[in-house]
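**Q** Quick one: this structure, given as structure tokens, is what I'll be asking you about.
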Amino acid sequence: MQEIRCECCQYKMVPRFKNIYKKEHIEIYQCPNCKLYWAPQLQMDDTFHSRLDERNRVEAIVKLRETEFQNVLMCIKKHSCGNKMLEVGCSYGWFMQMAEKAGFDVEGIEPEVEIAKQAYSKGLKVTTGYFPQDVIHGGYNIIVFNNVWEHINHSHEMIAACDDILSQDGTRNILAITVPLSSGILFQISALLEKVGVTEYMTRLWQLHFHSPHIYFFTKENMNRFFEPRGYRLVEFQEIRSIDSSKMKERFLMDKTERFAGIKAKLFAIAWKILKFLPADKALFIYERTT
Numbered sequence: 412m413q414e415i416r417c418e419c420c421q422y423k424m425v426p427r428f429k430n431i432y433k434k435e436h437i438e439i440y441q442c443p444n445c446k447l448y449w450a451p452q453l454q455m456d457d458t459f460h461s462r463l464d465e466r467n468r469v470e471a472i473v474k475l476r477e478t479e480f481q482n483v484l485m486c487i488k489k490h491s492c493g494n495k496m497l498e499v500g501c502s503y504g505w506f507m508q509m510a511e512k513a514g515f516d517v518e519g520i521e522p523e524v525e526i527a528k529q530a531y532s533k534g535l536k537v538t539t540g541y542f543p544q545d546v547i548h549g550g551y552n553i554i555v556f557n558n559v560w561e562h563i564n565h566s567h568e569m570i571a572a573c574d575d576i577l578s579q580d581g582t583r584n585i586l587a588i589t590v591p592l593s594s595g596i597l598f599q600i601s602a603l604l605e606k607v608g609v610t611e612y613m614t615r616l617w618q619l620h621f622h623s624p625h626i627y628f629f630t631k632e633n634m635n636r637f638f639e640p641r642g643y644r645l646v647e648f649q650e651i652r653s654i655d656s657s658k659m660k661e662r663f664l665m666d667k668t669e670r671f672a673g674i675k676a677k678l679f680a681i682a683w684k685i686l687k688f689l690p691a692d693k694a695l696f697i698y699e700r701t702t
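Now the structure itself:
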């Protein structure tokens with residue numbers, strides 16, 4: 412078996428989720444030192460064809476994202492001195508519209524052509540392509556990754572790319588990043604189920620059957636170990652409740668093959684009354700560049 416070194420701390424990583432490997436032939440590793448989870452063989456399928464049902468995805472998350480984005484913008488306003496912003500993976504432009512209303516000069520980049528067209532049709536400044544190679548401009552004060560960082564491999568290169576396109580004029584520059592946490596209760600429950608052979612929930616958390624799977628799951632500690640040695644200081648950390656229990660049926664139906672969405676949604680709604688008080692499965696990180 413190939414030796415995999417942790418991208419964060421260079422320790423030898425160990426394979427996890429053996430039942431997923433048996434079923435999906437995808438290796439997921441964990442670092443025993445910094446606890447980073449990493450699936451280095453995964454990448455986006457740029458045909459954008461998968462089991463993801465986009466209509467149900469939008470129905471499941473649109474209101475949730477609106478609330479989440481309002482909070483992200485509030486935190487950005489608290490820490491930013493400039494207003495030139497780039498959103499990476501801007502999707503339909505929901506966040507961009509809110510940022511424009513808040514007074515930011517915002518641009519976006521989105522790889523999915525049809526979705527980018529919808530954002531562009533709203534009058535937003537959107538480029539179709541991938542970060543960082545297709546970013547046209549630079550000199551940004553703020554770069555935002557809303558539910559995107561975990562989908563792009565090689566975090567060191569991503570941080571270096573941010574350095575290259577952030578403003579060099581002495582203005583305070585920040586990165587706003589929301590990522591999934593392996594310390595969250597849903598991840599922990601899914602990991603326990605995977606150990607006894609129930610793989611569907613961990614498979615879904617990693618989005619292995621969707622065209623943009625998760626490549627990482629983070630903790631607060633290993634995120635800081637990525638960023639702090641590279642001249643970034645954590646100035647804001649907030650856990651995010653990434654579930655709308657009233658839309659769980661649509662959330663399950665995001666997988667086109669799902670057959671028991673209604674039953675699962677009802678059971679989850681009952682469990683969520685307790686789970687919502689336990690560790691969150693996502694967090695917002697605001698990093699300020701200090702060098």
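Numbering (my numbering), first residue to last: 412 to 702. The beta-carbon is built from N, C-alpha and C at its ideal position, and this holds for glycine as well.
Check whether the Cβ atoms of Ala676 and Phe688 sit closer than 8 Å, and answer yes or no.
**A** No.
**Q** Of all the options Pro443, Met485, Glu511, which has the alpha carbon lying nearest to the alpha carbon of Met496?
**A** Glu511
**Q** Indicate the three-state DSSP secondary structure (helix, strand or coil) for Gly519 in the structure shown.
**A** strand
**Q** Looking at the structure shown, is Val473 part of a helix, part of a strand, or coil, going by DSSP?
**A** It is helical.
**Q** Identify the continuous alpha helix (DSSP H) that holds Asn635 and give its terminal residues.
**A** Asn635 -> alpha helix (DSSP H) spans 631 to 638.
**Q** How many Å lie between Cys419 and Asn633 at the Cα?
**A** 7 Å
**Q** Give me the DSSP bridge partner(s) of Asn557.
**A** Per DSSP, Thr589.
**Q** Short of 8 Å in beta carbon distance, which residues of its chain neighbour Thr458, apart from the five on each side in sequence? Order them along the chain.
**A** The residues are His622.
**Q** Whole angstroms is fine: what's the gap from Thr703's alpha carbon to His625's?
**A** In the structure displayed, the chain extends from 412 to 702; residue 703 sits before or after that span and is not available.
**Q** Which residue marks the beginning of the beta strand (DSSP E) containing Glu650, and which one marks its end?
**A** 643 to 651
**Q** Using the DSSP secondary-structure output, state which residues sit across from Arg700 in a beta bridge.
**A** Tyr643
**Q** Taking the alpha carbon of Ile576 as the reference point, which residue from Tyr422, Val546, Ser657 has its own alpha carbon closest?
**A** Val546
**Q** Starting from the Cα of Asn558, find the closest Cα among Lys446, Gly642, Trp505, Ile596 and give me that residue.
**A** Trp505
**Q** DSSP state of Asp666, grouped into three classes?
**A** Three-state DSSP puts Asp666 in a strand.
**Q** What's the gap between the Cα of His490 and the Cα of Leu484?
**A** When rounded, the distance between both Cα atoms is 10 Å.
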